[in-house]
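Residue numbers (my numbering): 37 to 340.
What follows is the structure, encoded as structure tokens:
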């Protein structure tokens with residue numbers, strides 16, 4: 037039986053059509069084999085930033101695995117023709133990755149949240165998943181990412197703990213920048229940029245009801261929880277971009293020719309080298325990767 041994994045290009049960013057369970061299984065297997073990596077969960081805010089700034093696009097591309105976090109991203113990928121089975125959020129992966137890690141006694145380190153929050157999240161996760169070893173939890177001080185001494189201290193603490201899984205909840209792009217610094221120091225660990233996933237694990241915030249999540253309305257739930265912090269991002273920046281993304285993707289689908297989509301192996305031409313390396317083994321086992329042309333979807337928007 038052949039397993040097919042679709043990868044959709046939305047402007048400069050790719051998202052891979054994997055389920056949350058498949059992501060967890062892949063990460064746990066990679067850890068057991070001594071292979072590290074990182075996961076980026078692409079939501080509208082990340083996609084918007086990457087579309088406008090090549091430096092942000094490179095941060096996303098550095099991840100071994102990028103998945104669709106946000107129903108507009110899922111819908112756009114599906115409109116483009118990719119089979120993306122479900123939304124895979126950073127908040128959900130905090131739980132599913134810890135659950136998978138607990139089965140084999142793996143360790144986790146949490147970075148992010150207000151003072152006391154990562155510690156509370158670690159305690160909650162350890163209680164929920166017996167076998168999970170929480171080897172560290174830290175709330176970096178404001179501005180730590182601009183202070184080399186603070187960064188060096190954090191690097192030393194995380195490296196000394198030697199975790200199998202590192203959850204970094206600092207928001208994009210801060211969390212991805214920190215992951216880029218830590219990855220060479222822990223080549224066998226897996227990193228997840230999880231945004232508000234750590235406060236949610238600590239019980240500081242609650243997820244939206246399942247029906248709201250399925251309808252793509254979880255952002256309204258989050259907006260109600262943190263209106264001052266999220267109003268501009270969601271209403272002024274992200275909502276218009278989401279509408280534009282879906283409109284352009286739908287237009288590209290309507291005007292597309294009847295020619296079949298290209299089916300390419302992971303060893304793709306240089307213009308498509310951002311296919312997640314984690315898919316290489318799946319291809320070797322008989323799977324194929326459908327790569328949708330980047331230029332046909334969402335050309336980068338240049339700010340005036």
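C-beta: ideal position from N, C-alpha, C; glycine also.
As the structure is a prediction and not an experimental result, all values here were calculated from the model.
Please identify the residue among the options whose C-alpha is closest to the C-alpha of residue i.
i           : options               : result
residue 118 : 219, 42, 230 and 261  : 42
residue 200 : 53, 71 and 44         : 71
residue 223 : 53, 74 and 276        : 74
residue 149 : 89, 276 and 234       : 234
residue 63  : 156, 102, 87 and 48   : 102
residue 174 : 163, 157 and 185      : 157
residue 164 : 61, 58, 80 and 238    : 238
residue 232 : 226, 276, 105 and 190 : 105
residue 126 : 212, 278 and 219      : 212
residue 4   : 81, 97, 80 and 60     : With the chain covering only 37 through 340, there is no way to say anything about residue 4.
residue 275 : 291, 254, 142 and 287 : 254
residue 166 : 176, 153 and 144      : 144
residue 177 : 153, 56 and 196       : 153
Roughly how many angstroms lie between the CA atoms of residue i and residue j, to the nearest whole one?
i           : j           : result
residue 168 : residue 151 : 22 Å
residue 129 : residue 121 : 16 Å
residue 180 : residue 124 : 29 Å
residue 107 : residue 44  : 14 Å
residue 194 : residue 283 : 43 Å
residue 159 : residue 170 : 8 Å
residue 221 : residue 289 : 43 Å
residue 264 : residue 272 : 13 Å
residue 285 : residue 147 : 36 Å
residue 183 : residue 110 : 37 Å
residue 215 : residue 138 : 22 Å
residue 69  : residue 136 : 15 Å
residue 209 : residue 115 : 27 Å
residue 242 : residue 65  : 30 Å
residue 48  : residue 100 : 15 Å
residue 113 : residue 86  : 16 Å
residue 258 : residue 140 : 34 Å
residue 54  : residue 155 : 30 Å
residue 219 : residue 227 : 8 Å
residue 203 : residue 134 : 10 Å
residue 60  : residue 287 : 34 Å
residue 188 : residue 291 : 52 Å
residue 52  : residue 93  : 16 Å
residue 46  : residue 236 : 28 Å
residue 132 : residue 196 : 25 Å
residue 246 : residue 256 : 13 Å
residue 230 : residue 190 : 18 Å
Return yes when at least one heavy atom of the ligand COA lies under 7 Å from the C-beta of residue i, else no.
i          : result
residue 74 : This structure simply doesn't include the ligand COA, nor any ligand for that matter.
Check for me: the alpha helix (DSSP H) holding residue i runs from which residue to which?
i           : result
residue 104 : Element bounds for residue 104: not the alpha helix (DSSP H) but the beta strand (DSSP E), 101-104.
residue 165 : Element bounds for residue 165: n/a, residue is neither H nor E.
residue 146 : Taken as a continuous stretch (DSSP letters only), residue 146 belongs to no alpha helix (DSSP H), being part of the beta strand (DSSP E) at 143-147.
residue 140 : Counting along the chain, residue 140 falls outside any alpha helix (DSSP H), and DSSP gives it neither H nor E.
residue 279 : 275-291
residue 264 : 263-267
Quick one: what does DSSP say residue i is sitting in, helix, strand or coil?
i           : result
residue 46  : strand
residue 118 : coil
residue 326 : Low per-residue confidence applies at residue 326: pLDDT is 43, beneath 50, and the placement is therefore not dependable enough to give any value.
residue 41  : strand
residue 153 : helix
residue 239 : coil
residue 124 : coil
residue 252 : coil
Could you check whether the Cβ of residue i sits closer than 8 Å to any Cβ belonging to chain D?
i          : result
residue 55 : The chain labelled as chain D is not found in the depicted structure, where only one protein chain is given.
Those runs of the beta strand (DSSP E) which lie wholly inside the stretch 178-234 and span at least 3 residues: 201-204 and 226-229
List in chain order: all unbroken alpha helix (DSSP H) runs of 4+ residues lying wholly within the stretch 52-105. Runs found: 56-68, 80-88 and 90-97.
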